[in-house]
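Following: one structure in structure tokens, then a few remarks.
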Amino acid sequence: MKVFLACMVLMSAVPLARAQDEADVDWYTRIFLPQNQKTLEREISQANSRRLKARQTGNKVEETKALIALGVFHFTRVNDYEQAMGWLIQSLKIEDSLDLRPEKIFTYLAMARVFDEVGNTFKSLELLTQAQKLNEKKNNPTLQTMLLNETGRVKQARGSMDDALDDYQLALEYARQLKQPAREAEALVHIGQLQTKKKKNKEALAAYKSALAIYRSLKDKSNEAASLNEVGEMYRLMKSYDRALANHTAALEIRDALNDDAGRAQTYNNIGALYLDEKNFKRAQANLALGLQAGKEAQDQNEMLRSYDFLSLCFKEMKDFRKALEYREQFLALEDFIQRDKSERRVLEAQNRYVMDKQELAINQLAADREQRDKVIEAQDKLRNILFLLIAFGLIIVLLVLFLYILKQRSNRKLQELNGTKDKLFSIIGHDLKGPLNSLSSFSFLLVHHIDSISKEEIKMLSQDLDKSLKNLFALLENLLEWSRAQTGNIDFKPEAFDLAVVLRENEDLLKGQAQLKQLALVNDNPGPLPVTLHRHSINTVVRNLLSNAIKFTAPGGSITLAVLKKGNQYEVSVTDTGVGMSAAAKEKLFLIGTKHSTLGTAKEKGTGLGLVLCKEFVEQNGGTIGVDSEEGKGSRFYFTIPAKP
């Protein structure tokens, strides 16, 4: 589960942020590297200058970094724990006040180191846990690797071996996912050391070998030699002496090249211990002597102590009791010196622990202040959220009321438009019905009261007028019925496949006789089969209306052309006449039911005023558009588009 969580964190990390995170971790790692006294003094002075400059410019991030560096310098090199914690607490105060989480993580890391140094591993682990919680929010996998190695080390010191191993293994997984071989090798070394303490030599050896391979690929000679030394020691514990000697010899060659006296002392002592195990006392004595010399040059008391101890054992086995006693006395003298030094350190640690207890109170007070401040912020956030909810609820109510108001206004406008349409429709109907009915009434009155005084010619003339009125009345009623059915949704515009050319020919045949009576040439100019999938009846009505209008408004001797043009995925059907044409003002009123526009034909035919409105409705229902090109005295061209069959 921990490995899965590690992968999830890595997948969500942003590359640019990761680069900055790695730079921050490298900066923190560098300030722990040992320096000579001259460099230390210069670095402390430079860090203090950076702190003062950052304070003057208001750069709080740089100020906290300078404070952390000062704390680490005083802890690791000056051994002034009180001063170190003073700098770190100043940094923590700034970070708390401004919520500088990345910087606070490094402050907690440094504080944890100080508490661990004085033996307060409980407080050290507590600070590392707080740092990890902060890093969970920051999502910095690079820093998480460092935190896991640190917590693993502290848990190992507390004896929690299994928990420490879990942390090391998770740190190893992070390093591999991040492709950071140096940190991967570091985690492997930690695992090897822990497995050695658990006496799991095979597991420890595998970890050290993996670390060795990485350090060789990185050409890190110092760590390569250290890994070779660990591998050699594991082989010695496993009594594989030849392999142990080969690894120690390889480590010695590197340490000679690096002129590393402390490393040479360790390796010579390990080789000497190896020969002691093999009972090869002469070689053991020769290597231990070289180890003692290198230890003295490096002033490494621990390796010198090992050399004296092994040399005493070696000469004892060689029956040279005088030298054995001599080295034993030197061992005891050095051990006594080291113990006195440790006693002094214990006194110093006790003093530091007392100082740290006071500093811990200051840290705890900061934590209490931060907790109280967080509670206040949380209460403010809750209040702000409640206010936001109330405001949002109020806005929703306002928007709802506004929406209902707009909806009502639209409904009112729609009703007004419908009422206006109804009134104008009734006006048109009343006007157009009145003429034919008046003619009928007049004719019936003449027949009833004046039949004896009316000549045959007058009766013929009146009959012709009456015929025109009745035909107009029939056309009006037919168009009105079609329009009302369209408006009420009673026409089911269900498309069907048919040939548009057939519809055009049917209308041509239907109206050809009417055109011939007016001596008009009716030309059907279409290319042949025109497959469409539309509502046939409505398209038929449109074609019939347009042809009827063309016949009505074209003088005898004129012509009417019915044509079809393919435009992309549409057909454009046009009816062109050589009739009276119309003005621009008249064109604007053609397709509007709200405007009464019914012009007398060339033979005094009356229009219904609904035909073109009905045409527009039907064309649009079939997914097309309708339009007109006309000029007064030069004829008209009515056209409509409809989708062609794919």
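Under our numbering, think of the first position of the sequence shown as 28, with each following residue one higher. Glycine included, C-beta positions come from ideal geometry on N, C-alpha and C. Given the structure is predicted, the values throughout are model-derived calculations rather than measurements.
Please say whether Leu264 and Tyr295 have beta carbons closer to each other than 8 Å?
No, Cβ-Cβ distance for Tyr295 and Leu264 is not below 8 Å.
Assign Val569 to one of three DSSP states: helix, strand, or coil.
Note: Val569 maps to helix in three-state DSSP.
May I have the straight-line CA-CA distance separating Leu527 from Thr605, to the nearest angstrom?
Going by the C-alpha atoms only, they are around 24 Å apart.
Kindly indicate the opening and closing residues of the alpha helix (DSSP H) around Pro129.
Here the alpha helix (DSSP H) through Pro129 covers Arg128 to Glu144.
Tell me the rounded alpha-carbon separation between Ala93 and Ser151.
Straight-line Cα distance between these residues: approximately 22 Å.
Going by the CB atoms, is the gap between Thr134 and Leu115 shorter than 8 Å?
Yes, the pair counts as a contact, with Cβ atoms nearer than the cut-off.
I need the boundaries of the alpha helix (DSSP H) containing Asp336, first residue and last residue.
Looking at the DSSP string, the run of the alpha helix (DSSP H) that includes Asp336 is Gln328 to Glu344.
I'd like to know if the segment 635-649 and the segment 544-557 are in contact, where contact means that at least 3 CB-CB pairs between them fall below 8 Å.
Segments in contact, no.
Between which two residues does the alpha helix (DSSP H) containing Leu285 stretch?
Leu285 -> alpha helix (DSSP H) spans Tyr268 to Leu285.
Indicate whether Tyr354 and Leu332 have their beta-carbon atoms separated by less than 8 Å.
No, the pair does not count as a contact, with Cβ atoms beyond the cut-off.
Would you kindly check if the distance between the Cβ of Leu161 and the Cβ of Leu197 is under 8 Å?
Contact flag unset, no.
Along the chain, which unbroken stretches of the alpha helix (DSSP H) at least 4 residues long are found entirely within the segment 41-92?
Correct list: 42-57 and 64-84.
Expressed to the nearest angstrom, what Euclidean distance is found between the alpha-carbon atoms of Arg128 and Glu68?
Cα-Cα distance, rounded: 29 Å.
Could you tell me the boundaries of the alpha helix (DSSP H) in which Gly179 lies?
Counting along the chain, the alpha helix (DSSP H) containing Gly179 begins and ends at Pro168 to Ala184.
Do three or more CB pairs link the segment 584-593 to the segment 609-619 at distances below 8 Å?
No: the two stretches stay apart, fewer than three of their Cβ pairs being nearer than 8 Å.
Use the C-beta contact count for Asn286: other C-beta atoms within 10 angstroms, 16 or more gives buried, fewer gives exposed.
Exposed, since its Cβ has fewer than 16 Cβ neighbours within 10 Å.
Where does Gln220 fall in DSSP's three states?
If DSSP states are grouped into helix, strand and coil, Gln220 belongs with the helices.
Could you tell me which residues DSSP pairs with Ala524 in its beta bridges?
DSSP, once it has assigned bridges, lists Thr560 as partnering Ala524.
Enumerate in chain order the residues of its own chain whose CB-to-CB distance from Ala191 is below 7 Å, with the five nearest sequence positions on each side excluded.
Hits under 7 Å: Gly179, Lys182, Gln183 and Leu221.
Less than 8 Å separating the beta-carbons of Val52 and Met138?
Against a cut-off of 8 Å, the Cβ pair of Met138 and Val52 comes out as no contact.
I'd like the span of the alpha helix (DSSP H) that includes Phe618, first residue to last.
Taken as a continuous stretch (DSSP letters only), Phe618 belongs to no alpha helix (DSSP H), as it is neither H nor E.
With DSSP run on the structure shown, which of helix, strand or coil describes Ile669?
Here Ile669 sits in strand by DSSP.
Tell me Ser471's beta-bridge partners as DSSP assigns them.
Ser471 pairs with nothing; no bridge assigned.
Shortest alpha-carbon distance to Glu615 belongs to which of Gly98, Ile653, Glu153 and Val646?
Measuring from the Cα of Glu615, the nearest candidate turns out to be Ile653.
With a threshold of 8 Å, are at least 3 pairs of Cβ atoms found where one atom belongs to the segment 193-210 and the other to the segment 223-232?
At 8 Å Cβ cutoff, the stretches do not touch.
Suppose you measure from the CA of Glu90 to the CA of Asn167; what does that come to, to the nearest Å?
In a straight line, the C-alpha of Glu90 is about 22 Å away from that of Asn167.
Below 8 Å between beta carbons: does that hold for Val602 and Leu574?
Cβ distance < 8 Å, so Val602 and Leu574 count as in contact.
Beta-carbon within less than 8 Å of Asn572's beta-carbon, same chain only, minus the 5 sequence neighbours each way: which residues are those?
The answer, listed in chain order, is Asn506, Gly638, Leu639, Leu641 and Cys642.
Tell me the rounded alpha-carbon separation between Val530 and Ala524.
So the two alpha carbons sit approximately 12 Å from each other.
How big is the Cα-Cα spacing for Ala351 and Thr148?
Roughly 41 Å between the two C-alpha positions.
Please report the distance separating the alpha-carbon of Ser73 from that of Asp336.
The sequence given here places Gln at residue 73; Ser does not occur at that position. One C-alpha to the other measures close to 45 Å.
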